[in-house]
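Following: one structure in structure tokens, then a few remarks.
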Amino acid sequence: MAVTPFDSAMMRGLFGDDGIARLFTDSAEVRAMLLVEGALAQAQGELGVIPMESAAFIKRAVMEVQIDPAGLSTETGVNAVVVPALVKAFRAATEAPEHTQYFHWGATSQDIMDTALVLRLKQVMTMFEERLKTIIKVLGTLAETHADLPMAGRTYGQIASPTTFGATVATWGMPLLDHLQRLTELRPRLLRISLFGAAGTASQLEHAPDVRRKMAEALGLTATDTPWHSTREGIAEYAGWLALVTGSLGKMGEDLLLLTQSGIAEVSLGGGGSSSTMPQKSNPVLPSLPVALARQVTALNAALQGAQIHRQQRDGAAWFVEWMNLGQITMATGRALTAAGELSGNITPDPDRMLAHIDDGSGLIYAEALSFELSKSHPRPHAQAEVKALCQQVRTDATPLPDLARAKWPDIPASLFTPQTQLGEAPAQARAFVKAAKAY
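Residue numbering for the sequence shown is 1091 to 1530, as defined by our numbering.
This is the structure we're talking about:
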């Protein structure tokens, strides 16, 4: 197996996300850094910081030059950052020292690498937003179709009281709406250029605020006058957002694993994975993916939150932690989203199985409703004790709870023991999600 399944040719069909993977290659990073250097030179040329002729040359050259990432390895191993080797390789490849002497003027390596990172994360966030919207739309349709379909609600793995399948779907979809709102709020805090020089003071950057503004406009990012070399809350917030998203998708996957398991089988998901030895198996591979990936993202997020502890003005060790984890956490989230997108379009509830678990012959699903009905004429503790005793009797002699209740209290309405009367706000919750989802 490869170091990570995201890098494995063998595992690509399970864990791969080509759309995200293309942004986390050495070539993509080099290309992004060159774009940043080009925007820097262009801004400095327009402001007279460097000759405009040299700025134009650099701007054109960064679009044309081909630099082999492997050729940067040796110097990066010595310097711990790739930019010195990149600057050297660019100057060698262009053979125009009169112009390239102004390449990387006044910036520091972290300025270029951080800005190149958020330039790529901007594309990631756009893809993630579209994937979330697609999932929300599909779940909205599912919730609308089944807003009133009764099913057993379960707590601690046991049947509790009735709900609807539409309301269950809404519990998967509503958090995704919140994540879209969080993404809108996160963008300006993350997608900022970095241009503050060696110690974050911009001491060797003439017209630094104006250069930052022009660079930001050229790159489609936000300008800031606050250095963030050692204040990494933007990256940490991004990682936290990924953990929230995958956590929600993992909850959906976990619920579907339980709803499809033998003995429940209230939902089908189309085809499943096969076993090497058991012909009858159709393993729920797809819902397992968001669950596993959510757990991985949770662990990686912890490491990235710890990377906020940056010493002084710059800190290589903390920065390295970001490098080791950010690509993986992004890839994991991307694959969780594609898996959830495929899942959401293949969910088929089984109304007969759902009804069978409600009308299982015991009637215990109506115990709470019975206790509150009795509380209308009895003290609440007394009503609870009476119903609890009847529940024990159901388990002992297999007489259904509705029969025992009506024998003891003939005035109890029969309608109390029908799922449609005990759904509470479940249908309304489903429809509230449907209404919100239709905005997308």
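We treat Cβ as the ideally placed atom computed from N, Cα and C, and that holds for glycine.
- Pro1317 sits in coil when the DSSP states are folded into three classes, being neither helix nor strand.
- Beta-bridge pairing by DSSP links Ile1249 to Arg1244.
- Between the stretch 1311 to 1331 and the stretch 1394 to 1402, the count of C-beta pairs closer than 8 Å reaches three or more; the two stretches touch.
- Here Arg1112 is exposed: its Cβ has fewer than 16 other Cβ atoms, across all protein chains shown, within 10 Å.
- Here the alpha carbon of Asp1315 sits roughly 25 Å from the alpha carbon of Val1177.
- Looking from the CA of Val1168, the closest CA among Phe1105, Gly1406, Ala1233 and Ala1529 belongs to Gly1406.
- Burial state of Ala1298 is buried, judged by a 10 Å Cβ sphere holding 16 or more other Cβ atoms.
- Contact annotation: Leu1207 and Leu1390 have beta-carbon atoms that are not nearer than 9 Å.
- With fewer than 16 other CB atoms across the displayed protein chains lying within 10 angstroms of its CB, Thr1216 is exposed.
- Counting only residues of its own chain and dropping the five nearest sequence neighbours on each side, Pro1490 has a CB closer than 8 Å to the CB of Gly1451, Ser1452, Gly1453 and Val1484.
- Around the beta carbon of Val1214, 16 or more other beta carbons lie within 10 angstroms, which makes this residue buried.
- Under the Cβ criterion (8 Å, minimum of three pairs), the stretch 1336 to 1348 counts as touching the stretch 1432 to 1447.
- Residue range Glu1323 to Thr1350 is occupied by the alpha helix (DSSP H) that includes Gly1337.
- Under DSSP, the beta-bridge partners assigned to Val1357 are Pro1439.
- Contact annotation: Phe1286 and Leu1295 have beta-carbon atoms nearer than 9 Å.
- Rounded to the nearest whole angstrom, the CA to CA distance from Val1120 to Asp1268 is 34 Å.
- When Cβ pairs closer than 8 Å are counted between the two stretches, the stretch 1141 to 1149 is seen to touch the stretch 1124 to 1131, the count reaching three or more.
- Taking every protein chain shown into account, the CB of Thr1253 has 16 or more other CB atoms within 10 angstroms, so this residue is buried.
- For Gly1406, the uninterrupted alpha helix (DSSP H) segment begins and ends at Gly1406 to Ser1434.
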